[in-house]
Structure formats: C-alpha cells, structure tokens
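For the sequence shown, position 120 (counting from the first letter as 1) is numbered 120 according to the numbering used here, and the numbering increases by one without interruption. All remarks here apply to the structure that follows.
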Amino acid sequence: MTDWKAIGIGALVNAVLTMVLTLILFPLFFLGPVIGGFLATYLAQENLGYRGGNPTDGAADGAVSGVIGGLIIGLIFILGFGALSAVIGLIFTQIGAVVGTITLITGLFITFVAVIIGGVFGAIGGVIGLSVREKESLRMEFD
1 MTDWKAIGIG
11 ALVNAVLTMV
21 LTLILFPLFF
31 LGPVIGGFLA
41 TYLAQENLGY
51 RGGNPTDGAA
61 DGAVSGVIGG
71 LIIGLIFILG
81 FGALSAVIGL
91 IFTQIGAVVG
101 TITLITGLFI
111 TFVAVIIGGV
121 FGAIGGVIGL
131 SVREKESLRM
141 EFD
C-alpha cells in the first residue's frame, strides 16, 4: 500500500528544491529528487516497523515521488513561459505564434527530462530512505 501523503510531500520538496538549486547552484539540482525520494520513503507509515525485505519498495515510492515532482516542474515551466510568450505575442503580433510554439515544444522537452531525472534520482533517494528507516527500526528494537 502506497502512502500518498508522504509521496505528495516528497514530490513538493523535490519540485521546490530542484527549482531553487537549479537557479542558485546548478550542479546540485539532482539533490532535489534525491531528498524528495528520501522523504517519501522515510515518512511513509508502512515503513515504520520495516525489518529487512525488498529495497525495490523504497525505490518505487521514491520514483513515483520523483515523477510527480518532475511533472510539477514541467507544469510550472510551461505556465511561466506561456505567460511570457503571451506578452511577447501582444507586443509583436508577427512572432507571437512562433514563440508560443517554441515555448510549448521546449516545455514538453523540459517536462520529459525532469520526469526521467526525477524518477531515477527519486528511486535512489527512496532506497536510501528505506535503508535509514531499517537501521532506525533495528536500533529502536535493541534499546
């Protein structure tokens, strides 16, 4: 059973961190999906008493969080540049349609790349989160 609340939190953290890190320090943009996948798996209620098992469960939750975060990033990109192309279209009616088409194609490409990168790095973060949760539950058992 997937904890959608944890995945939603992870996806929002993924989207915000990825956009902020892309603008501030581009080489660290991949930390957004990793941290989002980590949080999605770590906060999931089904993993509270996790003892061994299959790490692909964490990878799946992290990947779903990364894909949703990538879709959020793409949607914001398309909407933001759509507004910019509308302003350009009002000012320069000749090139307004061309700019709108280029914006749409670029937005779809950015969305596709963000979904792929978010899914892969989110899965890595999910495995890390499940590993941390497992170590934590084992430590609590012996205390």
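Where a beta carbon is used, it is the ideal one built from N, C-alpha and C, also for glycine. All values derive from a computational prediction rather than experimental measurement.
- Here GLY80 is exposed. Its C-beta has fewer than 16 other C-beta atoms within 10 Å.
- By the C-beta criterion, the stretch 122-141 is judged not to be in contact with the stretch 80-90, since fewer than 3 inter-stretch pairs fall below 8 Å.
- Spanning the alpha carbons of LEU21 and ASN54 requires a straight line of approximately 32 Å.
- Excluding its 5 nearest sequence neighbours in each direction, THR41 has C-beta neighbours in its own chain below 6 Å: GLY58, ASP61, GLY62, GLY126, GLY129 and LEU130, listed in chain order.
- In the three-state reduction of the DSSP assignment, ASP57 falls in the helix class.
- Setting aside the 5 residues that flank it on each side, ILE9 is surrounded in the same chain by LEU39, ALA40 and LEU43, each with a C-beta closer than 8 Å to its C-beta; the list follows chain order.
- Closest in alpha carbon position to THR18, among PHE121, ARG133 and VAL64, is PHE121.
- Residue state for LEU75 is assigned as helix, using DSSP reduced to three classes.
- When DSSP states are grouped into helix, strand and coil, LEU25 belongs to the coil group.
- Check the Cα spacing between ILE117 and each of LEU84, GLY37, THR103 and GLY82: the tightest is with GLY37.
- By the criterion of a C-beta distance shorter than 8 Å, LEU84 is surrounded in its chain by THR103, once the five residues flanking it on both sides are discounted.
- DSSP places LEU31 inside the alpha helix (DSSP H), whose first and last residues are 31-42.
- A distance of 8 Å or more separates the beta carbons of ILE72 and ALA6.
- The residue from GLN45, PHE26 and ILE68 with its alpha-carbon nearest to that of SER137 is GLN45.
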